[in-house]
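The sequence shown maps to residues 7 to 272 in the working numbering. Virtual Cβ for every residue (Gly too), placed ideally from N, Cα, C. These figures come from a predicted structure and were not determined experimentally.
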Amino acid sequence: MTSPEISENLIDSHCHLEMFCDLDLVMQRALDQGISHMVTIGTTLGDFSTLSNICKRFDGYVWMTVGIHPDYAETTPLDKVEAYFRDLPDCSHLIGVGEIGLDYLNFHDKTVKNQQKQLFDFQLQWAEDHNLPVVIHTRMAFQDTLDIVRTHPRTRGVFHCFGEDKEAARQVLDCRYILSFSGIVTFKNAKSVQEVARFVPDNQFLVETDAPFLAPTPHRGERNEPAFVRLTAEFVAQLRGVSIETLCEQTVQNFENLFGVNLLEN
């Protein structure tokens, strides 16, 4: 891969690189847009080997997290999750736990919701015990998600793909968590998220793609990829009235602070 011509560095703090069959091309396009680092996010019990191999393949560019997405709570017994985390191999690329949380969009049964809560609670505790930040997924379940986060006050993390309003954002920030903005913030109907992007303090936000999902305008509806995080970053910079260079500096610093990494060493 060739080095980027763009001088400022950007981080895609949340993507799913295992979903790309043309990963070499995807990575090159990201580098061409100055995307210096990215985090590929775990969602299932079977992710560790796949993600760690991607990290080794793109060593110095890609980190990873591990976690069980709430969509899989119903089909993933908690004892298997406990064994999975207990037996995780050492991995220098592993920097967080996620994505974890609650998702009620397609799950209305109380039993399934309770399974999600138990899974979430266990993973938060594991992250706390191992001093790792968490990547939170919440959809149609914000208050329940926040209530469980509050039972683990020593954890730190990020609410990824933030889609709530300003009051919800304040509650997240009060828990010492930060927010991450995806391509959603660029959508015309995302006024409340845009208001949050204007209001959030300089040291409490990141940008992401959630690729291959949620491509920003003008690529909405297309396959998303890490290169497009620049479009989201430029949009957020405009909302905040700062240069793209300033926003890049802020998000790099925020990323380093949250995940405990030093980009100068990578």
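Grab the span of the alpha helix (DSSP H) containing Ser58 for me, first residue to last. Along the sequence shown, one-based indexing puts residue 58 at 52. Asp53 to Arg63 is the extent of the alpha helix (DSSP H) around Ser58.
Quick one: give me the first and last residue of the alpha helix (DSSP H) that Ile4 is part of. Examination of residue 4 is not possible in this model, given that the chain is present from 7 through 272 alone.
May I ask you to list the residues that DSSP assigns as paired with Met44? Sequence index remark: in the sequence shown, residue 44 carries index 38 (1-based). In DSSP, Met44 forms a bridge with Asp18 and Val68.
Using 8 Å for Cβ pairs, my map puts Leu185 next to Phe168. What's the rounded Cβ distance? Here residue 185 refers to the residue found at position 179 when the sequence shown is read from its first residue. Here residue 168 refers to the residue found at position 162 when the sequence shown is read from its first residue. In this structure Leu185 is in contact with Phe168, their Cβ atoms being roughly 4 Å apart against a cut-off of 8 Å.
For Leu253 and Gln200, which I take to be in contact (beta-carbon distance under 8 Å), what is that distance rounded to the nearest angstrom? Counted from its first residue, the sequence shown places residue 253 at position 247. Counted from its first residue, the sequence shown places residue 200 at position 194. Their Cβ separation, rounded to whole angstroms, is 15 Å, which puts Leu253 and Gln200 out of contact at 8 Å.
With 16 other Cβ atoms within 10 Å as the buried cut-off, status of Thr46: Translated into the one-based positions of the sequence shown, residue 46 becomes position 40. Label assigned to Thr46: buried.
Are the CB atoms of Phe234 and Pro222 nearer to each other than 9 Å? For the purposes of this step, residue 234 is identified with residue 228 of the sequence shown, where counting begins at 1. For the purposes of this step, residue 222 is identified with residue 216 of the sequence shown, where counting begins at 1. Contact check for Phe234 against Pro222 passes: the beta carbons are separated by less than 9 Å.
Measure the alpha-carbon distance for Asp28 versus Phe261 and round it to whole angstroms. Residue 28 sits at position 22 when you count from the first residue of the sequence shown. Residue 261 sits at position 255 when you count from the first residue of the sequence shown. Their backbone Cα atoms lie some 27 Å apart in a straight line.
Continuous beta strand (DSSP E) stretch holding Ser186: start and end: Your numbering for residue 186 matches position 180 in the sequence shown. It spans Ile184 to Phe187 - the beta strand (DSSP E) in which Ser186 sits, taken as one unbroken run.
Status (buried if at least 16 other CB within 10 Å, exposed otherwise) for Ala36: Your numbering for residue 36 matches position 30 in the sequence shown. Taking every protein chain shown into account, the CB of Ala36 has 16 or more other CB atoms within 10 angstroms, so this residue is buried.
Taking buried to mean at least 16 other C-beta atoms within 10 Å of its own C-beta, is Pro139 buried or exposed? For the purposes of this step, residue 139 is taken as residue 133 along the sequence shown, with counting starting at 1. Flag for Pro139 reads buried.
Proximity below 9 Å, CB of Ala203 to CB of Phe187: Reading the sequence shown from its first residue, position 197 is the one you call residue 203. Reading the sequence shown from its first residue, position 181 is the one you call residue 187. Yes; because the gap between Cβ atoms is below 9 Å, this pair is in contact.
Which of helix, strand or coil does DSSP assign to Arg226? Locating residue 226 in the sequence shown gives position 220, where the first residue counts as 1. In the structure shown, Arg226 sits in coil (DSSP, three-state: anything other than H, G, I, E or B).
Simplified DSSP state of Arg160, which is helix, strand or coil: Within the sequence shown, residue 160 is the residue found at index 154, counting from 1. Look at Arg160 here: in three-state DSSP terms it is coil, with no helix or strand label.
Are the beta-carbon atoms of Ile41 and Met70 separated by less than 9 Å? Translated into positions along the sequence shown, residue 41 becomes position 35. Translated into positions along the sequence shown, residue 70 becomes position 64. Going by C-beta atoms, Ile41 is not nearer than 9 Å to Met70.
Contact between the region 158-172 and the region 117-126 is defined here as three or more beta-carbon pairs at a separation below 8 Å; is this criterion met? A contact between stretches requires three or more CB pairs, one per stretch, nearer than 8 Å, and the region 158-172 fails this requirement with the region 117-126.
Out of Ile190, Val178 and Val72, which one is the CA nearest neighbour of Val94? The count along the sequence shown starts at 1 and reaches residue 94 at position 88. Per the sequence shown, the amino acid found at residue 94 is Leu instead of Val. Of the listed residues, the one whose Cα sits closest to Leu94 is Val72.
Confirm, please, whether the CB-CB distance from Asp18 to Glu214 is below 9 Å. Numbered from its first residue, the sequence shown carries residue 214 at position 208. Numbered from its first residue, the sequence shown carries residue 18 at position 12. Yes, they are a contact pair.
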